[in-house]
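Peer 1: Protein chains in written order, with the numbering used here: chain A, 1 to 398; chain B, 1001 to 1398. No residue lacks a Cβ here, since even glycine has one placed at the ideal position from N, Cα and C. Before I ask anything, let me first share the structure, which is written out below as structure tokens.
Protein chains: 2
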Amino acid sequence: MSDNAKLAQEKLDQAVAILDEQGIDAWMVFVRETMLSPDPCLDLILGIDMVWQSAFIITRDNQRIAIVGHHDAENVRAVGGYTNIIPYVEGIRNPLVNTLLNLNPLQLALNYSESDAASDGLGHGLMLLLQRYLADADLVERLVSSESIIGSLRGRKSQAEVKRIREAIVATQGIFHEIGKAIKPGVNEPEIAQHAHELVGKKGLDTAWDQGFCPTVDIGPDSPVGHAGPQAQYAVKPGMLVHVDFGVKRDDYCADLQRVWYVRKDEERSVPEPVKKAFNAARRALLAGFGTIKPGIEGWRVDEVARKTLVEDGYPEYQHAFGHHLGRSAHDGATILGPRWERYGQTPYGIVEAGNVFAIELGVSVEGFGYIGLEENILVTENGAERLSEPQDELWLI
Amino acid sequence: MSDNAKLAQEKLDQAVAILDEQGIDAWMVFVRETMLSPDPCLDLILGIDMVWQSAFIITRDNQRIAIVGHHDAENVRAVGGYTNIIPYVEGIRNPLVNTLLNLNPLQLALNYSESDAASDGLGHGLMLLLQRYLADADLVERLVSSESIIGSLRGRKSQAEVKRIREAIVATQGIFHEIGKAIKPGVNEPEIAQHAHELVGKKGLDTAWDQGFCPTVDIGPDSPVGHAGPQAQYAVKPGMLVHVDFGVKRDDYCADLQRVWYVRKDEERSVPEPVKKAFNAARRALLAGFGTIKPGIEGWRVDEVARKTLVEDGYPEYQHAFGHHLGRSAHDGATILGPRWERYGQTPYGIVEAGNVFAIELGVSVEGFGYIGLEENILVTENGAERLSEPQDELWLI
């Protein structure tokens, strides 16, 4: 069995356990043309693309049913893990309704979610279709969101998953090391990004997110911070901060780190006071948030501690969440360690679980110098959390 | 301006014209975390990923509004094409509702569709959220599916798009040529696929669909046909057919072709009669369908002609659609040239338009020899259709 097939089996076993834990009879993932409309949860439990409408049904009593177009059936069989594969030719309606009537679940959890994009793979139009399929069989009212199932399934990394993330982090740290050697007066943002891309290519890796913004590079005080792409008008000069947000994807799993350098002026013996002070405040706030992470805590409480620590030190609140899951995607959905802002919906109220991997991050702008952003990757353990990345404990000097 | 930005502008201009043509005041694409939940239509009019909830609103009177998280605003500005970019921090609800109340469209077309996966990028959970945002402002009842807008926008290829598809086809044909040279007794399916992947990598291309199934390779009579991946137990022997379904993606645009070889036995001077007969029947049916393609015809009518031609020659109906759009994706959504089966929904009733690019395909199994599948790529012109690929007019012999 391939490593990927093994991983899918591991996740299918986990899914059955989570259904039992949450007292839900059955979970269905309903998709079509996943090349165009991928459902991120399907990567966990299948890992290949489906063409026609397809239903993957996992039950609390360990049935694993795939109802798929006849063209796709052989491929699902090859993945393994599904005990009952039902191919169809003209339409999925009959085999689907019959299967569900046989299973007769009290609740049928489905792949949609208001809060969590990683659990919202079901298109609205496809849902309208499904509702029509199920209407006559009185099954529509049993549908509930599967966000808590997918959140736990995606969030609780297996050992094999953590191993892959560790390897992505090691590779990312290696590239950060190389990037540091390339920073010198005159070098601009796209040149640094280009250098990173060459290293990624040479090592046969992918960037962890859209290459146009991975890495993001911020040189000096005028470069706009955020998810912006590198811009050529910003070049390194002595006395500037250089900030890079970057990660690689390796064997389908991501790292996501931020590192920051200070480029000394000739006469400078030490880092200017405002830069030093800002770095220490950012680091203190990051550590404060890190220190509160443990199984059972709600996400927003972690963010609040980090946010307050930074504000107490006289810096403005960062305009994003403190932490996000990390896995197959750099933003791996579900619970965030973030403020209870409208745009985050229910996700800050999610519960941190052992086995979760988070990227934790925050930053501070230093007037006249640039941006200090710190980001580390951590694993939630039974009692707290451990670092997966080698943390940046001091400014790196050029 | 980059080629990609130019392409997005071209498509935005097209979108305004399509809104006017269809008499719809405004079209909105609503998305979030597109790295996890990509909306295929956003590639056409933006081409970068969004993180927070984002609304792209195009109006019939040529307003192009983007309401996006403040982190993403700079990137949208860099793409160009949007005349009004509204960044937000805490939540999209207020700026979104206010913008829509100001525009006051009679109908607001939205990115969901029952029939067309390429027009169904809006997650069901995200739709529930949107409905709550819009409920107080009495805007919910103005929402309609934008499938006819996206279908035309995606389907009517601009000259720049056709040029990219042509280049993908040329590259694909080159690789087919190389594959042909590698077919010989003893070679198995994964070896042929591996060879194709090496050529794709060497030329800096991507496969047009999931690499595990691109190419699909079918050697001999026992290999299961469909979207199945290559399997090592099927190896070339004299007297077998070798069938390959393959395409590359080049500059974001795809080709999708099928080719078939016959491996002669030593003593054979000509192709066995049943193989020759089946090839000719498949080719005749493909040409019959091709001959009916012109602007204004409904998709299913094209399929019907090809299907009937094949059946008249004594072969069973193929178990799929005759044709599908080809573009950024190998299955590029919208109208299909396919039978009126339940699973195809409304898509066979779509109207063929000038500028459409289709992959047309069908096949026949030949007992004891293997599978003959033919697939060509064509462009719909003002009066009919022209071939983009160099058609396979006879069996290729090994």
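(1) Which whole-angstrom value is the C-beta distance of A:Val170 and A:Leu379, which I expect to be below 8 Å?
(2) Please classify A:Pro339 as buried or exposed, where buried requires at least 16 neighbouring CB atoms within 10 angstroms.
(3) The alpha helix (DSSP H) spanning B:Trp1300 covers which residue range?
(4) Can you check whether the CB of A:Leu106 is closer than 9 Å to the CB of A:Leu27?
(5) State the beta-bridge partners of B:Asn1188 as determined by DSSP.
(6) State the Cα-Cα distance for the pair A:His324 and B:Asp1043, rounded to the nearest angstrom.
(7) Determine the chain D residues that contact B:Asp1252 at a beta-carbon separation under 7 Å, and present them in chain order.
(8) Going along chain B, which residues have a C-beta under 8 Å from A:Gly121?
(9) Candidates B:Thr1292, B:Gly1229, B:Glu1361: which alpha carbon is nearest B:Tyr1318's?
(10) Which word fits A:Gln14, buried or exposed, when buried means at least 16 other C-beta atoms lie within 10 angstroms of its C-beta?
(11) Going along chain A, which residues have a C-beta under 8 Å from B:Arg1093?
(12) By alpha-carbon positions, which one of A:Arg164, A:Gly121, A:Ser329, A:Leu199 ends up nearest to A:Lys181?
(13) Here's a check: name, in chain order, each residue in its chain whose Cβ is nearer than 6 Å to the Cβ of B:Gly1229, leaving out the five neighbours to either side.
(14) Chain A beta carbons: is any one of them nearer than 9 Å to that of B:Phe1246?
(15) Could you name the residues of chain A that B:Met1127 contacts, counting a contact when the two beta carbons are closer than 7 Å?
(16) Can you confirm whether the segment 1087–1099 of chain B touches the segment 1051–1062 of chain B when touching is taken to mean that 3 or more C-beta pairs between the two stretches lie within less than 8 Å?
(17) Name, going along the chain, the residues of the segment 1021–1033 of chain B whose beta-carbon falls closer than 7 Å to a beta-carbon of chain A.
(18) Could you pull the DSSP bridge partners for B:Asn1377 from this structure?
(19) Would you mind giving the Cβ-Cβ distance between B:Leu1470 and B:Tyr1262, rounded to the nearest angstrom? I have them listed as a contact below 8 Å.
(20) Please say whether B:Pro1295 and B:Asn1383 have beta carbons closer to each other than 9 Å?
(21) Determine the chain B residues that contact A:Ala15 at a beta-carbon separation under 9 Å, and present them in chain order.
(22) Which residues of chain A have a Cβ atom closer than 9 Å to the Cβ of B:Ser1329, listed in chain order?
(23) Just tell me which of B:Leu1257, B:Ile1372, B:Arg1301 has its CA closest to the CA of B:Leu1326.
(24) Quick one: which unbroken alpha helix (DSSP H) runs of 4-plus residues sit fully inside the segment 5–78 of chain A? Chain order, please.
(25) Mapping the DSSP letters down to three states, classify A:Pro215 as helix, strand or coil.
(26) Kindly say whether B:Asp1210, judged by its beta-carbon, lies nearer than 9 Å to any beta-carbon of chain A.
(27) Determine the chain A residues that contact B:Ile1048 at a beta-carbon separation under 7 Å, and present them in chain order.
(28) Are the beta-carbon atoms of A:Ser389 and A:Thr207 separated by less than 9 Å?
(29) Among A:Thr83, A:Arg164, A:Leu46, which one has its Cα closest to the Cα of A:Gln63?
(30) Are the C-beta atoms of A:Gly220 and some chain B residue less than 9 Å apart?
(31) Measure from the alpha carbon of B:Glu1090 to the alpha carbon of each residue in A:Glu167, A:Gly289, A:Gly345, then state which is nearest.
(32) Among the residues of its own chain, which have a CB less than 8 Å from the CB of B:Ala1137, if the five just before and after it don't count?
(33) I'd like the list of long-range same chain contacts for A:Val140, defined as Cβ closer than 6 Å, with 5 residues on each side in sequence excluded.
(34) Closer than 9 Å, CB to CB, is A:Glu74 near chain B or not?
(35) For A:Gln392, count the other beta carbons within 10 Å of its own beta carbon; 16 or more makes it buried, fewer makes it exposed. Which is it?
(36) Which of helix, strand or coil does DSSP assign to A:Ala168?
Peer 2: Inspection of the coordinates gives the following:
(1) The C-beta distance from A:Val170 to A:Leu379 rounds to 14 Å, too long to meet the 8 Å contact threshold.
(2) The Cβ neighbour count for A:Pro339, taken over all protein chains shown within 10 Å, is at least 16; the residue is labelled buried.
(3) Unbroken alpha helix (DSSP H) run through B:Trp1300: 1299–1312.
(4) The amino acid at residue 27 of chain A is misidentified as Leu; the sequence shows Trp. The answer is no: Cβ separation not under 9 Å.
(5) In the DSSP assignment, the residues bridged to B:Asn1188 are B:Ala1235.
(6) Their backbone Cα atoms lie some 25 Å apart in a straight line.
(7) The chain labelled as chain D is not found among the protein chains of the depicted structure, namely A and B.
(8) Chain-ordered, the chain B residues with CB closer than 8 Å to the CB of A:Gly121 read Ser1037, Gly1123.
(9) Of the candidates B:Thr1292, B:Gly1229, B:Glu1361, the one whose C-alpha sits nearest the C-alpha of B:Tyr1318 is B:Glu1361.
(10) With 16 or more Cβ atoms within 10 Å of its Cβ, A:Gln14 is classed as buried.
(11) Contact note: B:Arg1093 reaches chain A through Glu342, using a C-beta cutoff of 8 Å and chain order.
(12) Here the closest residue by C-alpha is A:Leu199.
(13) Cβ contact annotation for B:Gly1229 (same chain, cutoff 6 Å, sequence separation greater than five): Gly1212, Phe1213, in chain order.
(14) With its beta carbon at least 9 Å from every one in chain A, B:Phe1246 lies outside the interface.
(15) Simply His124.
(16) Contact between the segment 1051–1062 of chain B and the segment 1087–1099 of chain B is present, because at least three Cβ pairs lie under 8 Å.
(17) Per Cβ criterion, the list reads Arg1032, Glu1033.
(18) B:Ala1359.
(19) In the structure as shown, chain B starts at 1001 and stops at 1398, and residue 1470 of chain B therefore has no counterpart that could be examined.
(20) Against a cut-off of 9 Å, the Cβ pair of B:Pro1295 and B:Asn1383 comes out as a contact.
(21) Those do not exist, as A:Ala15 stays about 19 Å from chain B at its closest Cβ, beyond 9 Å.
(22) Within 9 Å Cβ-Cβ: Glu33, Met35, Leu36.
(23) Of B:Leu1257, B:Ile1372, B:Arg1301, the residue nearest in Cα terms is B:Leu1257.
(24) Counting only runs of 4 or more, we get 42–45.
(25) Coil.
(26) Yes, its Cβ sits closer than 9 Å to a Cβ of chain A.
(27) The contacting residues are Asp210, Gly212.
(28) Their beta carbons are not under 9 Å apart, which means A:Ser389 does not touch A:Thr207 by this criterion.
(29) Closest option to A:Gln63, Cα to Cα, is A:Thr83.
(30) Put simply, the CB of A:Gly220 is far from chain B, with every gap to its CB atoms at 9 Å or more.
(31) Measuring from the Cα of B:Glu1090, the nearest candidate turns out to be A:Gly345.
(32) Only Val1097, Leu1100, Leu1101 meet the Cβ criterion.
(33) Excluding positions up to five away in sequence, the list reads Gln131, Leu134.
(34) For A:Glu74, a Cβ of chain B is located within less than 9 Å of the residue's own Cβ.
(35) Buried.
(36) Secondary structure at A:Ala168: helix, using DSSP grouped into helix, strand and coil.
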